[in-house]
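Inspection log for the structure reproduced underneath, given as structure tokens.
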Amino acid sequence: MSKKSLHEKSFSEKSPIEGMPIRDGDDRVKTDRRFKWLCISIAALSVLTLVILLASILLQGVPHLSWTLLTSGPEPNPKEAGIRPAIFGTLWVCTICAALTLPIGIATAILLEEYQPTHKVGRFIYGVIQLNITNLAGVPSVVYGILGLTAFVSMFGLFKVKGDTSPYEIGARYYDQFFSEGERSILVPVDHFNSPTIKLTSGMQALDVDLNSVPIFIFEPGDPTPTDDQLSYSLMADAEPGRITKKSWYYFSLPLGRGVLTGALTLMLVILPVIIISSQESLRAVPSSLRAGALGLGATPWQVVWNVTLPSAIPGIMTGSILAMSRAIGETAPILIIAGIVYISRAPEHLMDDFTVMPLQVYNWIGRPQPEFQGIAAAGIILLLVILLSFNAVAVMIRQKLQKPLS
Amino acid sequence: MSSALPVDSTDEIRIRDLGERVGRLMMADQRSLAMIRAREIGIYSLLILCGLFSLLVTAAILFVLITETFNFFRADEVTIANFLGSTKWNPLLGGTKSFGIWALVSGTMLVTVIAMLIALPLGLITAIYLSEYAPKGVRGVLKPILEVLAGVPTVVYGFFALMTITPVLQWLHGGFDVYNATSAGIAVGILCFPTVCSLAEDALQAVPRNLREGAYGLGGTRFDVSVKVVLPAALSGIISAFLLAIARAVGETMIVALAAGSLPQATFDPREQVQTMTGFMVQMAGGDVSNYGTEYYAMYAVAFTLFVMTLVLTMFGNLVRRRFQETYE
């Protein structure tokens, strides 16, 4: 019997239930086929979207890709504008952010997955923490920026700053800067920004511009002019100093202000729930037989975690963390809220230094009226996407290579 | 038998050595037992501290937003009736200040609705395709593409909206402003599309295989099985995915800051420019934030409104997934 005749037969048959016609088989197959093509075209649309997105950015950005872009600051002249301070800003912020977030995030995931409570109260608290983390993951990043603005930038106004410097600081040294008769800069260390000027005496040790110790010579207006070899480090007795501050890379002061550390802490709040949730999933994927085996050999809970669970879960945790960090690199809104739009022409030098990050610099350029800056913004986006895609590629590679089935 | 166990001096030494080593090992264990216990307790308390940190973050968000919003309402020019009842938002104009949140909420809603018109149906259909139809090869190509789309920073979508979508819209129809809600909405939709897709696909994949097999056994086509059997079974997960995507769209900042404009107005015309809640916050932060005037506190009041909206959506989304999940044994 051919296919067609079967079809005709089933079509002509009467329905077994009164008043309920047998549905046309051909019609159902047609619906299925139509739906399949709808699916395929929509899936193709998503591919097309990505292609258009990348193409439009490449078209606008590639002509502006240049060495200057990597090596110079955001100059007002589009020909000289670059993204170097922003690259270093991103590097600083994201490194500190990773160093702060990974331990706390993985520790929280271990607590929730590996130390299951037995008591009713404990289970309730765990439920609250878990619900809280799920909700934190849904909080818009701009709200974290607002939190950072109050909690880190001004620290609820708890630390009153009088004058130029904060009374709560470490890692800063102060100098009186003189300019010698030989046009050299001479630094005399002082205790504090507001300490009185030190009385200068001939023969005392001071510091030159590279902070090497040098003897200085003082002469009164009536004295004979110093010899040539003395001239570089000779000062008039009535020379007026300027007070300057040198800050180490770990310079720290309260309140935190709009510095690198604030940016890192704010981004930490943004990606902490992401890291916790992905680490929890990797820990959950470790088969419980491994844990049971270790416990049976007499291992303590932490020994189980450290020697058994964590090593098996580490590829998953790394993948999740890398993806979370790539999110931190691309995050703009919270940084914009805490740092504002300011002109930053150099890389940050210490924890409290002003900074900008790559996406914020791109945002800044998009907002400029000159059309050249749109092209530079596109070039900046290409750099940003290259970094993010390489992060994603590393994550995918770790997932493919290191993740072996454990059971 | 003594020949089987020859005991010469070297063996004696070896055995004594071994005995000593076992003894040392046992002594060592006994000695460190208290230390091991102390270490366990120490590590456990450290982990608990880390766990409590997330609670601290929530507490800090609530504390900051509530106190600063309170400061906002304490100002003379602000009334709760004006805030909740007016559609005029002029926080910066000296004489005629008005703080009607609806102007910003309507902007957010307009952008969100446009975004969801794109992201929800397309995301769901792609999820069905990936879960029920797609051959393995197509899946292997499509999934990474969706991951890349999900990983693109929002400022890039903002640039795309402003530089590509808007000119196309203006070319299609002359009435579009340079900054308009449609362009931002489309970009937010593209942003939310992978979120919807992956969450909905997870929900579809969680439906047990025997349901599908039963439906195929009854003579269902692929369409019948996926739309009439699998989809209803995964409905709670899909609704949860939708709600989470809406929350994401409501809180989206950089796209609307770049492409939606900065004119707060209660309009339903998608061709005009609007200002969203997040857009206002960015405008304030981009200007002079150290200004402690009423408009500075208005930023916190808007943030509080946004926080409440997204929190309700997220909580509801998670509740739906957990409560109404169909369980099959």
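For the record, the sequence lines run as chains A and B.
Per this note's numbering, the first sequence starts with residue 1, numbered consecutively.
Per this note's numbering, the second sequence starts with residue 1001, numbered consecutively.
Beta carbons are placed, not taken as given, at the ideal position from N, Cα and C, and that holds for glycine.
Below-8 Å beta-carbon distance, A:SER141 vs any chain B residue: At least one CB atom of chain B sits nearer than 8 Å to the CB of A:SER141.
Check whether the stretch 89–106 of chain A and the stretch 1266–1275 of chain B are in contact - that is, three or more C-beta pairs closer than 8 Å. No, they do not touch.
Does B:ILE1043 come within less than 8 Å of chain A when only Cβ atoms are used? Output row for B:ILE1043: interface = yes.
Can you confirm whether the stretch 1244–1252 of chain B touches the stretch 61–77 of chain A when touching is taken to mean that 3 or more C-beta pairs between the two stretches lie within less than 8 Å? Of all C-beta pairs linking the stretch 61–77 of chain A to the stretch 1244–1252 of chain B, fewer than three are shorter than 8 Å, placing the two stretches out of contact.
Quick one: which chain A residues come within Cβ less than 9 Å of B:ARG1222? In chain order: ASP32, PHE35 and LYS36.
Minimum Cβ-Cβ distance from B:ILE1118 to chain A less than 8 Å: Chain A contact via Cβ: absent.
Quick one: which unbroken alpha helix (DSSP H) runs of 4-plus residues sit fully inside the stretch 1115–1163 of chain B? Chain order, please. Taking only runs of at least 4 residues, the alpha helix (DSSP H) segments lying wholly in the stretch 1115–1163 of chain B are 1136–1151 and 1154–1160.
Interface residues of chain A facing B:ARG1039 [CB-CB closer than 9 Å]: Chain-order list of chain A residues neighbouring B:ARG1039: THR300 and TRP302, by C-beta distance under 9 Å.
Buried versus exposed call for B:ARG1222 [16 or more other C-beta atoms within 10 Å across all chains shown]: Buried, by the Cβ-count rule.
Between A:GLN177 and chain B, is there a C-beta pair that is closer than 8 Å? Cβ-Cβ to chain B under 8 Å: no for A:GLN177.
Can A:ILE244 and A:TYR175 be called in contact, C-beta distance under 8 Å? Taking a C-beta distance under 8 Å as the contact criterion, A:ILE244 and A:TYR175 qualify as a contact pair.
For B:GLY1251, go through chain A and note every residue whose CB falls closer than 7 Å to its CB, in chain order. Chain order gives the chain A residues near B:GLY1251 as PRO140 and VAL142, where near means a beta carbon separation below 7 Å.
Give me the subset of the stretch 40–71 of chain A whose CB atoms are less than 8 Å from a CB atom of chain B, sorted by chain position. Those residues of the stretch 40–71 of chain A that come within reach of chain B (Cβ to Cβ, closer than 8 Å) are ILE40, ILE42, ALA43, LEU45, SER46, VAL47, THR49, LEU50, ILE52, LEU53, SER56, ILE57 and GLN60.
In chain B, which residues lie less than 8 Å from A:ARG28 when you measure between Cβ atoms? Within chain B, THR1221, PHE1223 and ASP1224 have C-beta atoms less than 8 Å from the C-beta of A:ARG28, given in sequence order.
Classify A:LYS36 as helix, strand or coil using the three-state DSSP reduction. When DSSP states are grouped into helix, strand and coil, A:LYS36 belongs to the helix group.
Beta-carbon proximity of B:LEU1110 to B:MET1277, cut-off 8 Å: In this structure, B:MET1277 does not lie closer than 8 Å to B:LEU1110 by Cβ.
If the cut is a Cβ gap below 9 Å, which residues of chain A does B:VAL980 touch? No answer is possible for residue 980 of chain B: it lies beyond the span of chain B, which begins at 1001 and ends at 1329.
So is B:ALA996 in contact with chain A if we call contact Cβ pairs under 8 Å? Limits of chain B in this structure are 1001 at one end and 1329 at the other, which puts residue 996 of chain B out of reach.
Determine the DSSP secondary structure at A:PRO273, reduced to helix, strand or coil. It is helical.
Using 8 Å as the cut-off, can you tell me whether the stretch 296–308 of chain A makes contact with the stretch 247–258 of chain A, which would need three or more C-beta pairs spanning the two stretches below that distance? As far as the Cβ criterion goes, the stretch 296–308 of chain A does not touch the stretch 247–258 of chain A, which means the pair count is below three.
To be precise: take each residue of the stretch 1290–1309 of chain B, compare its Cβ to all Cβ atoms of chain A, and keep it if any distance is under 8 Å. Which residues remain? Going along the stretch 1290–1309 of chain B in chain order, one finds MET1299, TYR1300, ALA1303, LEU1306 and PHE1307 with a Cβ nearer than 8 Å to chain A.
How long is the line joining the alpha carbons of B:ILE1036 and A:ALA333, rounded to whole angstroms? Roughly 46 Å between the two C-alpha positions.
Measure from the alpha carbon of B:GLN1325 to the alpha carbon of each residue in B:LEU1235, B:LEU1169, B:PHE1072 and B:GLY1287, then state which is nearest. Residue B:LEU1235 is the option with its Cα nearest to B:GLN1325.
Write down the C-beta distance between B:PRO1091 and B:ALA1298 rounded to the nearest angstrom, noting that I regard them as a contact closer than 8 Å. Indeed they touch by this definition, with Cβ atoms about 5 Å apart.
Considering only the beta carbon of each residue, do A:ALA43 and B:LEU1142 sit closer than 8 Å? Yes, the Cβ-Cβ distance between A:ALA43 and B:LEU1142 is below 8 Å.
Please list, in chain order, the chain B residues whose beta carbon lies closer than 7 Å to that of A:PRO76. Those within 7 Å of A:PRO76 in chain B number zero; the least Cβ separation is about 18 Å.
Applying a beta-carbon distance threshold of less than 7 Å, which residues of chain A neighbour B:ILE1048? Simply LEU111.
Can you find a C-beta in chain A that's less than 8 Å from the C-beta of B:MET1281? For B:MET1281, the nearest beta carbon of chain A is closer than 8 Å to its own beta carbon.
Please report how far the alpha carbon of B:TRP1102 lies from the alpha carbon of B:ALA1266, in whole angstroms. Taking the straight line from one Cα to the other gives about 7 Å.
Grouping DSSP H, G and I as helix and E and B as strand, with all else coil, what is A:VAL128? A:VAL128: helix per DSSP, three-state reduction.
Nearest-angstrom Cβ-Cβ length linking A:ALA328 and A:CYS39, presumed shorter than 8 Å: The Cβ separation is near 34 Å, so there is no contact.
Could you spell out where the alpha helix (DSSP H) holding A:LEU297 opens and where it closes? Looking at the DSSP string, A:LEU297 is not in any alpha helix (DSSP H), and its letter there is neither H nor E.
Alpha-carbon to alpha-carbon, A:LEU207 and A:GLY242: If you take the alpha carbons of A:GLY242 and A:LEU207, they lie about 14 Å apart.
Does the beta-carbon distance from A:VAL286 to A:SER321 come in below 8 Å? Going by C-beta atoms, A:VAL286 is not nearer than 8 Å to A:SER321.
So which residues of chain A does B:ALA1060 contact, with C-beta pairs closer than 7 Å? Within chain A, the residues near B:ALA1060 are LEU147 and ALA151.
Please state whether the Cβ-Cβ distance between B:ILE1246 and B:LEU1313 is less than 8 Å. Going by C-beta atoms, B:ILE1246 is nearer than 8 Å to B:LEU1313.
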